[in-house]
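Notes to accompany the following structure.
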Amino acid sequence: MAGAGSELVFAPLGGIGEIGMNLSIYGFGERTRSWLIVDCGVSFAAEEHLPGVDLILPDIRYLIQERRNIVGLVLTHAHEDHMGALIDLWPRLNVPIYATPFAAALFEARRLSEPGAPKIPVNVVPLGGHLQLGPFAIDFINVAHSIPEANALAICTPLGTVLHTGDWKIDPAPLVGAPTDQGKLSALGDQGVLALVGDSTNAIRDGRSPSETDVAKTLADLIRTAPARVAVTTFASHVGRIRAVADAAHAAEREVVVVGRAMERVIQVARETGYLDGVQDFREIKSYGYLPPDKVLALCTGSQGEPRAALARIAEDEHPEVTLTRGDRVIFSSRTIPGNEIAVSRVINGLVGQGVEVITDRSHLVHVSGHPRRAELMDMIGWVRPKILIPAHGEVLHLAEHAKLARAAGVSQVLVCRNGDLVRLAPGPAAIVDEVPAGRIYKDGALLVDAEARTVAARRRLSFAGIVSVALALSENGALVADAEIELIGIPETDTGGQSMADIAREAVDQAFETLPRPRRRDPNEVAEAVRRAVRGAIAERWSKKPICHVHVLTV
Ligand SMILES: [Zn+2]
Ligand SMILES: [Zn+2]
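Using my numbering, read the sequence shown as starting at 6 and increasing by one per residue.
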């Protein structure tokens, strides 16, 4: 039972005010709280802002500190923005993980694909299953989404029930898995729901999202009427879409060849877990070249223009096995995620340049989102009837729109929070009562670096204005022993007048040294500082940009 002073709290450590990096925690207790973690996802870095950074992970300092009180980590579904940080972060937590069969199997396959990844045990929860973790009684409720086995979690505590929706939509015919479990959600509403923490991704879009079945029809038409080869790209984990493409290919008497590691992995897991039952076997990539153009379909990774993925290589005519030519058709059964527009355009231009016809969701219903639009959000609020609603999974605009809609729907307490806010859900009115440490970590090669560290900022500066390195040898009485060694990296070779930048730097070095009063020339630090300023100033005068300048003074 709850002690008299017990509280139920919620804190997002990621995923609020951004799309990606989902990590929420629920706490229950008096002074010491038991913590339940929901999801542990990544964000993908935009190259120009974070050069060399592969992924962004949530900062879990607070969880490491509270590790003894964590009762478990539950995954709502297998998308990277919900489980992608686990391989890197789990060793620091070492807490039990719970997931449904498909998510557990896909996580294991992902882990095995990462060289040197530690063994990470996952406890498998059956679909619609139940868990008791410390004070939290958790029910898994099936919801439709763009990957098999998405779950909303009903988290029941002595102070009330929270519905954590995870990612969801309403789709009466989702192609794989069951539709969103309206019955269970309504029953939960009848019993009384304290708070709803819900997906806001599409809160600015009116109406309802079309069904996967509508998309499947369009794809079937486009594949049936294609005159020559067809390539379809979609999100690698979208098993429902993969199934739709495979069925359309089968109906058009085309063999399916899968191109791209990530998709092969998902397909293998989907076959093992039964989500591709009844779908024909796919052919090996080697057979692509032998099959007649109207008898083959390539199912490719790379819908976001990723330069190393299958479709980008095909567009550059650099794929060893798969080529496309004039008259072939490529279908982007996907949406371009904000930030990837340039990369996707590059791929499309490459394909069109080869005479390939490109079809996207701008002209045909070849993609639908896996997130609820406004009418669907209204349905969820109507089923669950929460006292409190906290918008999650969205940028600030999406959260604000979801909040507005919830207020209009009559939810009495609507609370918009930020990553790191600690929200008290009960007892008493919902309120932000404290803050917990939250932030970002960058995956930089094999290392994790703090986003606050200067590493990546320095790298960005280097990419913008290059570096000048100057080495000077100084005798004990303050004379230059040899000519300065100067190296310029990433700096234009000449100025507008054609004068060499290296010479300009050299003159600046000499002049700085000459103008420094003799006694001060014996101090290596003074010399270095004077030279650094002079070189940066001289180059900036010609270039209007200030490079980083390193001066090394050796005393000999
Ligand atoms: Zn998702
Ligand atoms: Zn998500």
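Just so it is clear, CB atoms sit at the ideal spot from N, CA and C, and this is done for glycine as well.
If you're wondering where the values come from, they're calculated on a predicted model, not measured in any experiment.
Item, Value
"Any residue with its C-beta under 5 Å from a non-hydrogen atom of ligand 1 counts. Can you list them all in chain order?", "H84, D172"
"Label F469 either buried or exposed according to how many other C-beta atoms from any shown protein chain fall within 10 Å of its C-beta, with 16 as the threshold for buried.", "exposed"
"Closer than 6 Å by C-beta to V237: which residues in its own chain qualify, once you throw out the five before and the five after it? Chain order, please.", "V250, L304, I336, S338"
"Determine the direct distance from the alpha carbon of R334 to that of V357, and round the result to whole angstroms.", "10 Å"
"Measure the alpha-carbon distance for R423 versus P434 and round it to whole angstroms.", "18 Å"
"Can you give me the start and stop residues for the beta strand (DSSP E) that A149 sits inside?", "Taken as a continuous stretch (DSSP letters only), A149 belongs to no beta strand (DSSP E), as it is neither H nor E."
"Looking only at C-alpha atoms, which of L111, I102, Q70, L62 sits nearest to H84?", "L111"
"Kindly identify the DSSP beta-bridge partner or partners of S29.", "P17, V43"
"Count the other CB atoms within 10 Å of the CB of P140; is the residue buried (16 or more) or exposed (fewer)?", "buried"
"Count the other C-beta atoms from every protein chain shown that fall within 10 angstroms of the C-beta of N147, then say buried if there are 16 or more, exposed otherwise.", "buried"
"Please report the residue range of the beta strand (DSSP E) in which D64 lies.", "Premise fails: D64 is in no beta strand (DSSP E) and is neither H nor E."
"Work out the CA separation of A539 and T499 for me, nearest whole Å.", "18 Å"
"Is H407 close to ligand 2? I mean its beta-carbon at under 7 Å from any heavy atom of the ligand.", "no"
"As a quick exercise: from G10, V454, D439, pick the residue whose alpha carbon is nearest that of I446.", "V454"
"So the candidates are A50, L296, I247, G495; which of them puts its Cα closest to the Cα of P153?", "I247"
"If contacts are defined as beta-carbon pairs under 8 Å, then D64 and A458 qualify, I think. What distance do you get, rounded to the angstrom?", "That pair is no contact at about 12 Å."
"Nearer than 7 Å: is that true of the beta carbon of H372 relative to any heavy atom of ligand 3?", "Looking at this structure, you won't find ligand 3 anywhere; what it does contain is ligand 1 and ligand 2."
"Between which two residues does the beta strand (DSSP E) holding T238 run?", "235-238"
"Does the segment 409-416 come into contact with the segment 18-30, if we say contact requires no fewer than three beta-carbon pairs (one atom in each stretch) closer than 8 Å?", "no"
"Taking 8 Å as the threshold (C-beta atoms), are I491 and R511 in contact?", "yes"
"Please report how far the alpha carbon of G197 lies from the alpha carbon of V389, in whole angstroms.", "8 Å"
"According to DSSP, is L55 part of a helix, a strand, or is it coil?", "coil"
"Between A208 and R379, is the Cβ-Cβ spacing less than 8 Å?", "yes"
"So, is A90 buried or exposed, given that buried needs 16 or more other C-beta atoms within 10 angstroms?", "buried"
"Please report the distance separating the alpha-carbon of L347 from that of T365.", "The amino acid at residue 347 is misidentified as Leu; the sequence shows Ile. Each residue's Cα considered, the two are about 15 Å apart."
"Counting only the same chain and skipping the five closest in sequence on each side, list residues whose C-beta sits under 6 Å from that of A476.", "E490, H557"
"Given 7 Å as the limit, tell me if N207 has its C-beta closer than that to any heavy atom belonging to ligand 2.", "no"
"Going by C-alpha to C-alpha distance, which of A405, A507, G483, A241 sits closest to E519?", "G483"
"Nearest chain D C-beta to V43 closer than 8 Å, yes or no?", "This model lacks chain D altogether; it includes just one protein chain."
"Is it buried or exposed, Q309, if we count other Cβ atoms within 10 angstroms and call 16 or more buried?", "buried"
"State yes or no: is the C-beta of N424 nearer than 7 Å to some heavy atom of ligand 2?", "no"
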